[in-house]
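Below is one structure; the comments refer to it alone.
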Amino acid sequence: MTLLATLDPADADLTACLGRVMAAVLKPGDVLALQGPVGAGKTHFARAFIRARQGEAAEDVPSPTFTLVQTYADPLGTEIWHADLYRLTHPDELAELGLDEAMREAIVLIEWPEHGGPLPEPLTVALEPHVDFPELRRITLSGSEPHWGFATRLPVIARLIHRAGWAGARLLPLAGDASSRRYFRLLDGDRSAVLMDAAPGTTDGYVAMTQWLRHRDFHAPEILAADQIEGLLLLEDLGDDLVARVLEADPALAPRIYDRMTDLLVDLHRHAPPDFVPRLDGPELARQVGLFAEHYPAAAGTPGLGADVAPVVEALHEALCETIPPVLGLRDFHAENLLWMGDKPLGLLDFQDAVAVHPAYDLVSGLQDARREVVPEIEAAQIARYVAATGMEDARFRAAYALLGAQRNLRILGIFTRLAQDEGKRRYLAFMPRVWAALQRDLAHPALAPLAAALQGIPAPTPEVIERIVG
Numbered sequence: 349m350t351l352l353a354t355l356d357p358a359d360a361d362l363t364a365c366l367g368r369v370m371a372a373v374l375k376p377g378d379v380l381a382l383q384g385p386v387g388a389g390k391t392h393f394a395r396a397f398i399r400a401r402q403g404e405a406a407e408d409v410p411s412p413t414f415t416l417v418q419t420y421a422d423p424l425g426t427e428i429w430h431a432d433l434y435r436l437t438h439p440d441e442l443a444e445l446g447l448d449e450a451m452r453e454a455i456v457l458i459e460w461p462e463h464g465g466p467l468p469e470p471l472t473v474a475l476e477p478h479v480d481f482p483e484l485r486r487i488t489l490s491g492s493e494p495h496w497g498f499a500t501r502l503p504v505i506a507r508l509i510h511r512a513g514w515a516g517a518r519l520l521p522l523a524g525d526a527s528s529r530r531y532f533r534l535l536d537g538d539r540s541a542v543l544m545d546a547a548p549g550t551t552d553g554y555v556a557m558t559q560w561l562r563h564r565d566f567h568a569p570e571i572l573a574a575d576q577i578e579g580l581l582l583l584e585d586l587g588d589d590l591v592a593r594v595l596e597a598d599p600a601l602a603p604r605i606y607d608r609m610t611d612l613l614v615d616l617h618r619h620a621p622p623d624f625v626p627r628l629d630g631p632e633l634a635r636q637v638g639l640f641a642e643h644y645p646a647a648a649g650t651p652g653l654g655a656d657v658a659p660v661v662e663a664l665h666e667a668l669c670e671t672i673p674p675v676l677g678l679r680d681f682h683a684e685n686l687l688w689m690g691d692k693p694l695g696l697l698d699f700q701d702a703v704a705v706h707p708a709y710d711l712v713s714g715l716q717d718a719r720r721e722v723v724p725e726i727e728a729a730q731i732a733r734y735v736a737a738t739g740m741e742d743a744r745f746r747a748a749y750a751l752l753g754a755q756r757n758l759r760i761l762g763i764f765t766r767l768a769q770d771e772g773k774r775r776y777l778a779f780m781p782r783v784w785a786a787l788q789r790d791l792a793h794p795a796l797a798p799l800a801a802a803l804q805g806i807p808a809p810t811p812e813v814i815e816r817i818v819g
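Everything in the sequence shown is counted per the working numbering, starting at 349 for the first residue and increasing by one.
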């Protein structure tokens with residue numbers, strides 16, 4: 349058993365807060381061994397955990413000292429067992445209580461676990477009175493690092509939430525993005541917030557970009573609290589109305605929504621990009637498109653083809669894009685990262701990887717969306733809307749748009765192939781035909797003839813090709 353983390357000192361509120369944080373991440377088959385003397389707060393911790401799992405359906409949670417075991421329905425999809433083994437006379441009684449089976453199928457919290465003999469890979473939560481302050485306690489988390497390594501993050505999350513005045517909040521996991529970041533919604537009465545859990549030391553870009561955007565009246569979430577050393581941010585909750593969901597629920601809103609997306613880019617591009625963002629220039633775009641040449645042709649059964657894609661992209665960028673000053677590109681500007689807020693400005697998400705890039709880059713990102721169809725009429729209307737609003741030279745802008753669209757789509761095909769083959773993430777393969785179709789529209793632009801020639805002979809992601817990629 350490895351010492352994973354320590355929370356010291358912890359008052360009653362912070363102890364309960366840790367229980368609520370833990371409730372957001374445990375799953376069926378997980379066992380918590382709650383150790384500590386009488387009065388250390390074991391039941392207090394368990395009560396906060398159970399009630400957080402139950403949410404609005406929360407029950408009273410008495411100590412199981414006399415019943416030995418209490419069971420609770422869990423709206424999150426399992427069952428919770430709360431046991432007190434202090435009066436157990438022999439470990440064999442675990443089976444009589446049904447705990448041996450419960451530890452395979454439910455979430456089990458066990459007080460006085462030392463009375464029950466060895467447990468199957470538990471996370472031990474030890475609560476001890478503080479040496480100097482009896483009303484405080486020292487909490488340590490111990491367990492198998494391969495199984496419980498993620499628990500090292502839980503005390504630092506609890507500290508931030510407690511310090512920010514959200515100690516009583518219930519945490520619910522939110523769908524994350526393609527990165528290693530995790531997100532949780534905090535619910536506390538009629539208020540809510542979002543917690544971003546990123547790798548330690550990786551939030552500086554997000555914070556800087558948030559401040560830059562908000563200073564210019566763009567609706568990035570306000571940062572309510574932060575621990576940038578640990579990679580934790582507590583953010584304003586902009587709600588659940590992702591543009592993607594709104595479009596799915598009411599497709600008739602598409603013209604209005606895409607008008608707003610284009611107008612947002614027009615406003616954004618009136619500001620010079622900040623000097624702290626990297627440049628996404630021709631060499632970098634060429635390096636990124638190398639992902640396609642590295643992964644897709646061989647996986648599709650044509651190894652060696654497409655080897656000249658990167659230098660062709662770099663040369664075309666120099667010819668078609670270099671004369672236009674770069675603007676701020678949010679980089680992942682699409683319906684999954686924008687929030688519809690009615691008459692208010694669109695809410696912005698996932699902008700920490702912003703770059704200085706040609707003005708067409710984010711427009712392509714929004715209109716050639718791998719995840720959903722954007723009808724050709726809307727794409728054409730938005731290109732025309734952007735050109736009219738910015739005074740760009742139409743023919744040159746459209747050529748750059750086609751190039752950046754082709755580059756993005758090639759890179760995406762390479763990424764989807766790598767994710768499927770190296771990480772077993774096959775769900776993205778379903779998007780490949782749409783990405784390929786957008787690529788063909790881009791390659792049809794006369795200015796991209798050299799790129800079309802460099803891709804000659806590489807097959808489309810037909811069902812047969814996708815089956816080959818899966819292997």
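By construction, the Cβ of each residue, glycine as well, lies at the ideal position given by its N, Cα and C atoms.
In the DSSP assignment, the residues bridged to V379 are V456. A573 places its beta carbon 8 Å or farther from that of P807. In this structure, V818 and W688 do not form a Cβ contact; the two beta carbons are roughly 35 Å apart against a cut-off of 8 Å.
Counting along the chain, I505 sits inside the alpha helix (DSSP H) bounded by residues 502-511.
Ranked by Cα distance from Y749, the options L761, L664, I760 are led by L664. Ranked by how close their Cα comes to the Cα of S713, the residues A658, T738, L758, R486 have L758 in first place. Residue P357 holds the alpha-carbon nearest to the alpha-carbon of V479 among P357, L442, V555, T550. Secondary structure note for Q700: it is in no beta strand (DSSP E), with a DSSP letter that is neither H nor E.
Taking C-alpha positions only, L668 is separated from E741 by approximately 12 Å. Counting along the chain, L668 sits inside the alpha helix (DSSP H) bounded by residues 657-668. Per the coordinates, the alpha-carbon of L534 lies some 52 Å from the alpha-carbon of P794. With respect to the C-alpha of L595, the residue from G403, L761, D717 having the closest C-alpha is D717. Burial check for D408: the Cβ neighbour count within 10 Å stays below 16, so the residue is exposed. Counting other Cβ atoms within 10 Å of its Cβ, K390 reaches 16 or more and is therefore classed as buried.
For A801 and L752, the gap between their C-alpha atoms comes out near 17 Å. As DSSP reads the structure, M544 sits in a beta bridge with Y531, L581.
If you draw a straight line from the Cα of L694 to the Cα of R368, it comes to about 32 Å. Here the alpha carbons of H682 and R618 stand approximately 20 Å from one another. Leaving aside the five residues that flank T738 on each side, the residues in its chain whose CB is nearer than 8 Å to its CB run, in chain order, V614, H617, P707. A straight line joining the alpha-carbon of D585 with that of A620 spans about 28 Å.
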